[in-house]
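Enquirer: Following this note's numbering, the numbering of the sequence shown begins with 27 at its first residue and continues without gaps.
Every residue gets a Cβ at the ideal spot worked out from N, C-alpha and C, and that includes glycine.
Quantities reported herein were computed from a predicted structural model and do not represent experimental measurements.
Okay, here's the structure, questions in a sec.
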Amino acid sequence: MSIFWPALPEDCTVAGPNGSRHPKRGELIGRGTEMGQIMLALAAARSGNGAALFVTGEPGVGKSRLATEALTMAAETNMVTVRGRASAVGPPVPYRPLVEALLLLARAGLLPEPDELGRYGPVLARLLGGARDADADAASHLVVAETMLRLLDIVGERRGCLLVLDDLHDADPGTLAVVEYLLDNIGQQPAVLLLVTGCAPCEAAELTTRARRRGAAAVLELGPLSRPDVHLLIAAELRIPPAEVCPDLLHRALDGSAGIPFVVKELVHDLGGRPAPHGPRTPSVPPTVADTVRRQAERLGPLGAELLGTAALFGRRFALPVLERAIGRDHAELSAVLRAAVASYLITPEGPGTQWYTFRYRLAAEALLDDLGPGERAAHLRRAARALADLHPGLPGAWCEHAAQLHERAGDSPEAIRLYCEAAGRATGEGTADRAVELLTRAHRLVEPGIAPELHATVLERLLDAVACSARFDRLPVPAALLDTLGGDGGEHDIPAQRRAGLHARLSDLATLTGRPAEALWHLDIARALLGSHPADQYAALVDLCAVHVELSRLAPDRLRTATRYAHRALEAAQRADLPDVACRALLLLGQLAREQDEPTAAAQFRRARAIALARGLPVPRMAADVHLATVAASHDGRPTRIEEARQEALRMGLLPLAHETGFALAMDRIRRGRFDEARDRIRVAAADASRLGLGRPLAMLRLAEAVRYAHQGRRAEMRGALERLAPLLDAAPGVRAMSYGLARAFCSLLEERPEAAGQEFAQALAYDAENPAIGGFGKHGIVLLLGVLDRRMGRRHHTEVTRASVSGTRWNHQFAGLAHAVLLGREGRPDEATATAGKALEAAELFPMARRLSLRLVAQSAYEDGWGTPVEWLRESEEYFHDAGLQAVAGASRALLRGMGASVRQRRTGTELVPPDLRRCGITVREFEVARLVAERISNKDIAGRLHISLRTVEKHVASLLQKTGHPNRTAFATAARDLVRP
């Protein structure tokens, strides 16, 4: 985006891409309803039925602009239009707006001769002549009013007339008396009376109220423009399409103007063509707006100016008791000027009986601040800060941030930094991580040469911790400046070595979170070097915690044991140093590391962390413990509701990394339940957000879930694409390599009836796990055990060893481990026990439709041979499910097994749509196409028979038919021509 605000172009003719018109400069925006009422009144006046309308609203809201538009519209319908304006400038002039209107009619040649008014002609003459004789003074307001009424009747007789009287709040009493008479008698005249007045307390406002109450006039109360209308107004003033309005300019206009059209326009013209500001500095207030605010404040007298100037020090919003204390005045002294300031629309109360007030628009406060010199402003700010501290000892709640802002504006950076850090700590304790980051970012901006190193370190520590919780990586200091700060060169920012070690540990954790393990290790090595030989517990605990994360990303078979040792050491150091937050984090890591082998111990660690967090008021570790406990519970009861609830609370608190950590678990739950579309939507949204935030570790897990989703539908091509997208992130999350083989590739092969490939892929997953143990399941305690038992590679001893691990008892793994146990019982000649065990396993599998049917297909032959369970029923259930899912390979295998058991098999004639059109035209059947794909892979007839569960003779017949129908001389020629049929 350009560094300049959009300049004001010369051409005002603008059309959109489809030829539609965009608002032009000067066009009335956002007043369609009001103009509609005026147009109806004008139409009625042309028919001889008059009306009166008041237009009211605060200064700058566009009252006079609306009146101008009404005059234009009336003139376009050939009505007589005339306007007069009251004024507070100079000595009072009786009937000024009426006289101005009469003079305008006279210049236009539309004023009737005095004779046409009969006995009211002399009154008209005296009004125009400005006579001051006794007769003129004796003319009552009533006579003048009747004269004006008769005049409107004559002028508007043929065409109708619109009389606009502007700024009636400045009108003399005589004019208002005439207007009141006209209001009661305008109905039978061919004229519209449009009366423009402010809504501050005055005689004109009282007249408006009386007229509305007795139905003598309609009142059009103009409010601020809406956001879309402000957008359109900016586009109109710049003469550009709305889509081209600079977002920064729109934000500045909305934030500074409160939707007041006058302020919006002045902002646009003041900023047009000037460079956009960078950093926290605010652009100057447009001179016209500043002059308007200044004049309004001056009308309130010296005390009013002092009150508003001091109030502006607090920003747009201020509390009256603090203001009274700051300027040393009591409420009685300020009440009158406060009411006047409210009436002038400079400030507004936030509600009835409230002691909080807000400047009507932000630019008003900025304009008042600009009138204070630097020294005067600093003195006022310090006085306001003292008043705030005196009134609210300890600065509870939001007062701490208010005080920090005052000290910042006064140039007292150390105290402002201290208070911002204090406010951020409270925000973290209240569970608002984003707010904590904002406050700490402000504090860090104030760090400059001369700031004490300890204070600088405090800001950095808290900022890095807040960023880690919220994923607001955009708020991190510039890397080069940060590393320079941590360099320890003896300069102004020289921080003690062990404290720098703690900062490097935090940076290591951030690198792990964003999926940069090499950088995490680099920071860890520096932290260890800085700790020295006698580290303080508070820093040693932080370094050991970051070492746990680094160890989990390291390729080493003992990494889990090493990580557990570091976590225990961090916990002990944190307890000695009384660091409850660090202790909670250590306990959470210990729980994660123990969960696979010893779930009761893991759950105990999670509960212990939660108890500490609750006792010490630590919402972040408490929320993390809730997530882990919910995940443990859901793995057994199959109800992910608690995980989703925890995720929503984490999002509400701004704990985005934690919320995204749950995304993988929830996506996998949807996949295992066969709710693939729900999983797709969840993964897409979560992955896009994780990518935007730079959360490498959660993004890697979500990419893995995407691949698993395709694999569990037998969609190999899409699975491979997902795995390619995962490849650059393999180092970002521990154990992803093993899971990509066990959860994705191997399952897809099983659904394609490629058991050899599945076995190799599970073996690869086990190999990756052996060299780099994972803390996420990939099938080792479930499907791998079942396949090993079915292949007779595993027996009772293996089953006992695998199921000793707690993770084998999760509902997902239990379906496989339980069926493996049933197979072993069947082989041991215990069919009743095998049937009962299988029943319990299949009960656990009810939630997982695909895995249940796959398991049934896998164990059916063993159950049939050993005489347990109901293998025929199982195979029919499996065949029907996979046929409906379009997974013909496993459906065909189920049918073949049914035939082998002598059971009837339902005939399936669907699937022709899978045969390519060219082959369909040759008359190739669905079964022949299945054979053709395997021939194209150059697989022997014997292996094809095994794959498709048909006889060798049947395969030979299908191959011969293929060659005859396609015209190829032999299977080699067919395979060469049919390369596109090879499974990707």
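Identify, in the order they occur along the chain, each residue of the same chain with its Cβ nearer than 6 Å to the Cβ of D255, setting aside the five sequence neighbours on each side.
Expert: Working through the sequence shown from its first residue, we reach residue 255 at position 229. Around D255: I55, G56.
Enquirer: How far does the beta strand (DSSP E) with R343 in it extend, from its first residue to its last?
Expert: For the purposes of this step, residue 343 is identified with residue 317 of the sequence shown, where counting begins at 1. 343-345 is the span of the beta strand (DSSP E), which, as asked, contains R343.
Enquirer: Between the region 81-91 and the region 223-230, do three or more beta carbon pairs fall short of 8 Å?
Expert: Because the criterion of three Cβ pairs below 8 Å is met, the region 81-91 and the region 223-230 touch.
Enquirer: On the three-pair Cβ rule with 8 Å, is the region 233-246 touching the region 264-275?
Expert: The answer is no - the region 264-275 does not touch the region 233-246, with fewer than three Cβ pairs under 8 Å.
Enquirer: Tell me the DSSP secondary structure of I266 in three-state form.
Expert: Taking the sequence shown and counting its residues from 1, one reaches residue 266 at position 240. Of the three classes helix, strand and coil, the one that applies to I266 here is coil, per DSSP.
Enquirer: With L264 and V315 assumed to form a contact (beta carbons below 8 Å), what rounded beta-carbon distance in angstroms separates them?
Expert: By 1-based counting over the sequence shown, the position of residue 264 is 238. By 1-based counting over the sequence shown, the position of residue 315 is 289. Between V315 and L264 the Cβ distance is about 18 Å, and since that is not below 8 Å, they are no contact.
Enquirer: When the Cα atoms are used, what is the spatial distance from L364 to E392?
Expert: Here residue 364 refers to the residue found at position 338 of the sequence shown. Here residue 392 refers to the residue found at position 366 of the sequence shown. Roughly 19 Å between the two C-alpha positions.
Enquirer: Give the single residue among I697, A712, R751 whose Cα lies nearest to the Cα of G740.
Expert: Taking the sequence shown and counting its residues from 1, one reaches residue 740 at position 714. Among I697, A712, R751, the Cα nearest to that of G740 is on I697.
Enquirer: Taking the Cβ atom as the reference point for each residue, do C610 and R648 lie within a distance shorter than 9 Å?
Expert: Start at 1 with the first residue of the sequence shown, and residue 610 comes out as number 584. Start at 1 with the first residue of the sequence shown, and residue 648 comes out as number 622. Yes, these two residues count as a Cβ contact at 9 Å.
Enquirer: Consult DSSP for C187 and reduce its assignment to one of helix, strand or coil.
Expert: Numbered from 1 along the sequence shown, position 161 holds the residue referred to as residue 187. Correct three-state label for C187: strand.
Enquirer: So, for V115: in the same chain, excluding its five sequence neighbours on each side, which residues have a beta-carbon less than 8 Å away from its beta-carbon?
Expert: For the purposes of this step, residue 115 is taken as residue 89 along the sequence shown, with counting starting at 1. If we look at V115 and ignore the five residues flanking it on each side, it has no Cβ neighbours.
Enquirer: Terminal residues of the continuous alpha helix (DSSP H) containing L844?
Expert: For the purposes of this step, residue 844 is taken as the residue at position 818 of the sequence shown. As written in the sequence, residue 844 is Gly, which differs from the Leu given in the question. Segment 837-853, the alpha helix (DSSP H) holding G844.
Enquirer: Can you list, in chain order, the residues of its chain with a C-beta nearer than 6 Å to that of A848? Leave out the 5 residues immediately preceding and following it.
Expert: Here the question's residue 848 lines up with position 822 in the sequence shown. Closer than 6 Å at Cβ, skipping near neighbours: A860, T863, A864.
Enquirer: Just the C-alpha distance for R853 and W894, rounded to the nearest angstrom, thanks.
Expert: Along the sequence shown, one-based indexing puts residue 853 at 827. Along the sequence shown, one-based indexing puts residue 894 at 868. Their backbone Cα atoms lie some 10 Å apart in a straight line.
Enquirer: With DSSP as the reference, label T223 as helix, strand or coil.
Expert: On the sequence shown, position 197 is the one that residue 223 refers to. Here T223 sits in strand by DSSP.
Enquirer: Restricting to Cα atoms, I'd like to know which of T201, I443, H428, D396 is closest to A410.
Expert: As a first step, residue 410 must be located in the sequence shown, where it is residue number 384. Of the listed residues, the one whose Cα sits closest to A410 is H428.
Enquirer: So, with DSSP's three-state summary, where would you put V108?
Expert: The count along the sequence shown starts at 1 and reaches residue 108 at position 82. V108 falls in the strand class under three-state DSSP.
Enquirer: Return helix, strand or coil for E247, following the three-state DSSP convention.
Expert: Along the sequence shown, one-based indexing puts residue 247 at 221. The answer is strand: DSSP assigns E247 an E or B state.
Enquirer: Going by DSSP, what residues sit across from Y1049 in a beta bridge?
Expert: A question about residue 1049 goes unanswered here, because the residues of the chain that appear run from 27 up to 1010.
Enquirer: According to DSSP, is D196 part of a helix, a strand, or is it coil?
Expert: As a first step, residue 196 is located in the sequence shown; it is residue number 170 there, counting from the start. If DSSP states are grouped into helix, strand and coil, D196 belongs with the helices.
Enquirer: From the DSSP output, in three-state form, read off L725 for me.
Expert: Stepping through the sequence shown from its first residue, residue 725 is reached at position 699. In the structure shown, L725 sits in a helix (DSSP, three-state: H, G or I).
Enquirer: Can you round the beta-carbon distance between G455 and P645 to whole angstroms, since I take them to be within the 8 Å contact cut?
Expert: As a first step, residue 455 is located in the sequence shown; it is residue number 429 there, counting from the start. As a first step, residue 645 is located in the sequence shown; it is residue number 619 there, counting from the start. Contact flag correct, Cβ pair sits at about 7 Å.
Enquirer: Quick one: grab the DSSP three-state call for V115.
Expert: Locating residue 115 in the sequence shown gives position 89, counting from the first residue. The answer is coil: DSSP assigns V115 none of H, G, I, E or B.
Enquirer: Would you check if the region 793-809 and the region 619-635 touch, i.e. whether three or more CB-CB distances between them fall below 8 Å?
Expert: Touching, yes, given that three or more Cβ pairs across the two stretches are closer than 8 Å.
Enquirer: Would you call the region 719-733 and the region 745-763 touching, i.e. three or more CB-CB distances under 8 Å?
Expert: Contact holds: three or more Cβ-Cβ distances are below 8 Å.
Enquirer: Quick one: grab the DSSP three-state call for A284.
Expert: For the purposes of this step, residue 284 is identified with residue 258 of the sequence shown, where counting begins at 1. Three-state result, A284: coil.
Enquirer: Can you list the alpha helix (DSSP H) stretches of 4 or more residues lying completely in the region 556-580, in chain order?
Expert: Runs of the alpha helix (DSSP H) inside the region 556-580: 563-578.
Enquirer: Classify E376 as buried or exposed, calling it buried when 16 or more other Cβ atoms lie within 10 Å of its own Cβ.
Expert: If you number the sequence shown from 1, residue 376 lands on position 350. Exposed, because fewer than 16 other Cβ atoms sit within 10 Å of the Cβ of E376.
Enquirer: Is V218 helix, strand or coil by DSSP?
Expert: As a working mapping, residue 218 is identified with position 192 in the sequence shown. It is a strand residue.
Enquirer: Sort L233, V245, A362 by Cα distance to E60 and report the nearest one.
Expert: On the sequence shown, residue 60 is found 34 positions in, with the first residue counted as 1. Taking only the C-alpha atoms, the option nearest E60 is V245.
Enquirer: Straight-line CA distance for G993 to H975?
Expert: Against the sequence shown, residue 993 aligns to sequence position 967. Against the sequence shown, residue 975 aligns to sequence position 949. Spanning the two alpha carbons is a distance of roughly 27 Å.
Enquirer: Do the region 677-684 and the region 444-461 make contact, defined as three or more Cβ pairs closer than 8 Å?
Expert: Yes, the region 677-684 touches the region 444-461.
Enquirer: Just to confirm my understanding: we take V815, look at its own chain, exclude 5 residues before and 5 after, and list those with CB closer than 8 Å. What are they?
Expert: The residue you call residue 815 lines up with position 789 of the sequence shown. Once the five neighbours on either side are set aside, the close Cβ partners of V815 are G821, H824, H825, A846, V849, L850.
Enquirer: Which residue comes first and which comes last in the beta strand (DSSP E) that contains T688?
Expert: Numbered from its first residue, the sequence shown carries residue 688 at position 662. Where T688 is concerned, there is no enclosing beta strand (DSSP E), although the alpha helix (DSSP H) it sits in stretches over 682-698.
Enquirer: At what residues does the alpha helix (DSSP H) containing A660 begin and finish?
Expert: If you number the sequence shown from 1, residue 660 lands on position 634. It spans 645-663 - the alpha helix (DSSP H) in which A660 sits, taken as one unbroken run.
Enquirer: Relative to the alpha-carbon of L258, which residue among W548, E869, R706, E53 has its alpha-carbon at the smallest distance?
Expert: As a first step, residue 258 must be located in the sequence shown, where it is residue number 232. It is E53.
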